[in-house]
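J.:
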Amino acid sequence: MALDFTAVKPDPALLDLPWHVPLEEWPEHHLAALPRGISRHVVRFVRLSGQVIAVKEITEPLARREFQTLRNLRRLGQPAVEPLAVVAGRVDAEGNPLDACLVTRHLKFSLPYRVVFSQRLRADTARRTLDALAVLLVRLHLAGCFWGDVSLSNTLFRRDAGEYAAYLVDAETAELHPQLSPGQREHDLYIAHGNIAGELMDLEAGGQLDEGEDPIEIANRIMHRYDLLWNELTGEERFEQGDRWRVDERIRRLNNLGFDVDELEMSTDVDGTSIRIQPKVVDAGHHSRRLMHLTGLDVEENQARRLLNDLDSYRAATDRQNDDEELVAHDWLARIYEPVTRSVPRELRAKLEPAELFHELLEHRWYLSERAGHDMSIEDTVADYVHTVLPDRPDEVAVVGVDTGEIPIRAHLEG
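Residues 98 to 512 (our numbering) make up the sequence shown, in order.
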């Protein structure tokens, strides 16, 4: 009986693997020593053509279904492992049929949850790890994906400079729909709560959960974070023209929840404006690199995040979502950023570097707009800021070049 290969990018080296042998009996020289999570199926990491693949033994209908679901999730830009092939038609040396295999690319630097939690993480780092799962679930639901078996075991976590991103690794029960109903979302959350609480109880029994931590309460917190993010992302906010400060307030609330805003979509109608914001988990330094690419401004990460938020607001307010991003950024730089930073009297410009000055002006404008209940013009904002705030600030440029030998350095360590 001939093997049946269904592959995205066929690799001839796949033919050299011992498909006639049950996966749990594959020779050690084919395998890669990587941490594996808990699975109801046999899973092995295998070296192939200088890379590592994950092979899961599963029935052919499930293998083909999961293969297609993972491909569709990847097309939608969702965080999921990359499917490579389905190998069916397997038989052993005596002609007995064997289950098919689903082949996926191993997600580099990723860890199953048991390995992550075995490192005795600080409480804040553990919280952000679980927040990553909440973000993943929200993103999948927004894309119309009903997971059906939400759990820590079916998730991989990838660490980057102390941050974590979550990826779907098991899509056996996942279904894609144009849009999820409230009932589908609630059912997924019900499954998630039960599975996560149970997995954390296992960690607690094994001494891998900090003393005093309640698995049920942690599962409750994940659901709470999901609800907060879902409501912020899907709740439409209507306001009159000229209330741009409300857009900044919406972004600020998401930032306070610990989520970055990657996209800002606004649509206008005869009654006003509605907002929809979508999050994206980003790598460390993402904002400063993006701003440098778009504008040439070389600033700190938090400054870049703030400037990019204003750039995205400008893009939406001028109805240029479909225009080339670099062209919009050039116009924002020429019409907003540079005129605003140059509008401060020359004798006061040494108080702050331009990016920090622009950030503070945006903060001051938001404060004035909130107090007034409507958008304040940038001209009025600069005038008020220059008159009431900036004169009392020290000249930051004056500290450049001083002896820094006695300035204390604080190190932020992640567990």
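Note that beta-carbon positions come from the ideal geometry of N, C-alpha and C, so glycine has one too.
Rounded to the nearest angstrom, what separates Ser146 and Gly192 at their Cα positions?
T.: For Ser146 and Gly192, the distance between alpha carbons rounds to 29 Å.
J.: Got a sec? Which residues, its chain only, sit under 6 Å from Leu112 by beta carbon, not counting five neighbours each side?
T.: Hits under 6 Å: none found.
J.: Please list the terminal residues of the continuous alpha helix (DSSP H) segment that includes Ile313.
T.: Its alpha helix (DSSP H) spans residues 312-331.
J.: Of the residues Glu346, Ala271, Ala240, Leu330, which one's Cα is nearest the Cα of Glu516?
T.: The structure shown does not extend to residue 516, since the chain is modelled only from 98 to 512, so the question has no answer here.
J.: Give the DSSP-derived three-state secondary structure of Asp101 in the structure shown.
T.: DSSP places Asp101 in strand when its eight states are reduced to three.
J.: Do Phe243 and Glu272 come within 8 Å of each other at the CB atom, strictly closer than that value?
T.: Yes.
J.: For Trp463, which residues from the same chain have a beta carbon less than 6 Å from its beta carbon, with the 5 sequence-adjacent residues on both sides left out?
T.: Taken in chain order, the residues that qualify are Trp342, Asp345.
J.: Return the residue from the list Arg350, Glu457, Gly304, Ala160 that minimises the CA-CA distance to Leu404.
T.: The option with the nearest alpha carbon to Leu404 is Glu457.
J.: If you check the beta carbons only, do Arg187 and Leu100 fall under 8 Å apart?
T.: Yes, the Cβ-Cβ distance between Arg187 and Leu100 is below 8 Å.
J.: For the 8 Å Cβ check, are there 3 or more pairs between the region 195-202 and the region 171-183?
T.: Taking 8 Å as the limit for Cβ pairs, the verdict is that the region 171-183 does touch the region 195-202.
J.: Just curious, the alpha helix (DSSP H) that Glu283 is in, first and last residue?
T.: Unbroken alpha helix (DSSP H) run through Glu283: 279-302.
J.: Is the region 390-410 in contact with the region 422-440, if contact means three or more CB pairs nearer than 8 Å?
T.: Yes, they touch.
J.: Along the alpha helix (DSSP H) that carries Ala469, what are the first and last residues, could you check?
T.: Its alpha helix (DSSP H) spans residues 451-469.
J.: Looking only at C-alpha atoms, which of Pro109, Arg171, Asp196, Thr478 sits nearest to Val152?
T.: Val152 has its Cα closest to that of Asp196, out of Pro109, Arg171, Asp196, Thr478.
J.: Could you give the DSSP three-state label for Pro109: helix, strand or coil?
T.: Correct three-state label for Pro109: helix.
J.: When you compare each of Pro109, Asp416, Leu233, Ala262 to Ala289 by their alpha carbons, which one comes out closest?
T.: Out of Pro109, Asp416, Leu233, Ala262, Leu233 has the C-alpha closest to the C-alpha of Ala289.
J.: From the DSSP secondary-structure annotation, give me the bridge partner or partners of Lys153.
T.: According to DSSP, Lys153 bridges with Val140, Leu199.
J.: One question on the structure: do Met298 and Pro312 come within less than 8 Å of each other, judged by their Cβ atoms?
T.: Yes. Within cutoff.
J.: Shorter than 7 Å, the distance from the beta carbon of Arg343 to the closest heavy atom of the ligand NAD, or not?
T.: This structure simply doesn't include the ligand NAD, nor any ligand for that matter.
J.: Take Lys106 as the anchor and find which of Leu306, Leu239, Ile475, Arg168 has the nearest alpha-carbon.
T.: Closest option to Lys106, Cα to Cα, is Arg168.
J.: Starting from the Cα of Thr226, find the closest Cα among Leu170, Glu398, Tyr210 and give me that residue.
T.: Selected option, being the one with the closest Cα: Tyr210.
J.: For the candidate residues Arg468, Val483, Ile475, Arg417, whose alpha-carbon lies nearest to that of Leu449?
T.: The shortest C-alpha separation from Leu449 is found at Val483.
J.: Could you have a look at Ser385 and say whether DSSP puts it in helix, strand or coil?
T.: The answer is helix: DSSP assigns Ser385 an H, G or I state.
J.: Assign Glu296 to buried or exposed, taking buried as 16 or more other Cβ atoms, counted over all protein chains shown, within 10 Å of its Cβ.
T.: Looking at its Cβ environment, which holds 16 or more other Cβ atoms inside 10 Å, Glu296 is buried.
J.: Can you look up Gln148 in the DSSP assignment and give me helix, strand or coil?
T.: Three-state DSSP puts Gln148 in a strand.
J.: Could you check if Thr331 is buried or exposed, using at least 16 other CB atoms within 10 Å of its CB as the buried criterion?
T.: The residue in question, Thr331, is exposed, as its Cβ has fewer than 16 Cβ neighbours within 10 Å.
J.: For Arg161 and Phe102, what's the separation of their Cα atoms in angstroms?
T.: Approximately 11 Å between the Cα atoms of the pair.
J.: Between Ile433 and Pro451, what straight-line distance do the alpha-carbon atoms span, to the nearest angstrom?
T.: Using only the alpha carbons, I get a separation of about 13 Å.
J.: Look at the Cβ atom of Leu265, then the Cβ atom of Thr252, and state whether they are nearer than 8 Å.
T.: In this structure, Thr252 lies closer than 8 Å to Leu265 by Cβ.
J.: Should Tyr287 go down as buried or exposed, given a rule of 16 or more other Cβ atoms within 10 Å for buried?
T.: Counting Cβ neighbours within 10 Å, Tyr287 comes out exposed, since fewer than 16 surround it.
J.: Just how far apart, CA to CA, sit Arg172 and Ala104?
T.: The alpha-carbon atoms of Arg172 and Ala104 are separated by roughly 16 Å.
J.: Name, in chain order, the residues that DSSP records as bridge partners for Phe164.
T.: In DSSP, Phe164 forms no bridge with anything.
J.: Thinking C-beta only, is Leu204 closer than 8 Å to Arg255?
T.: Result yes, Cβ atoms of Arg255 and Leu204 sit closer than 8 Å.
J.: When we look at the beta-carbon of Thr485 and count the other beta-carbons within 10 Å, is it buried (16 or more) or exposed?
T.: Its Cβ having fewer than 16 others within 10 Å, Thr485 is exposed.
J.: Based on DSSP bridge pairs, tell me the residues matched to Tyr264.
T.: Bridge partners of Tyr264: Leu253.
J.: Could you please give me the residues that DSSP links to Leu273 through a beta bridge?
T.: Answer is Cys242, bridged to Leu273.
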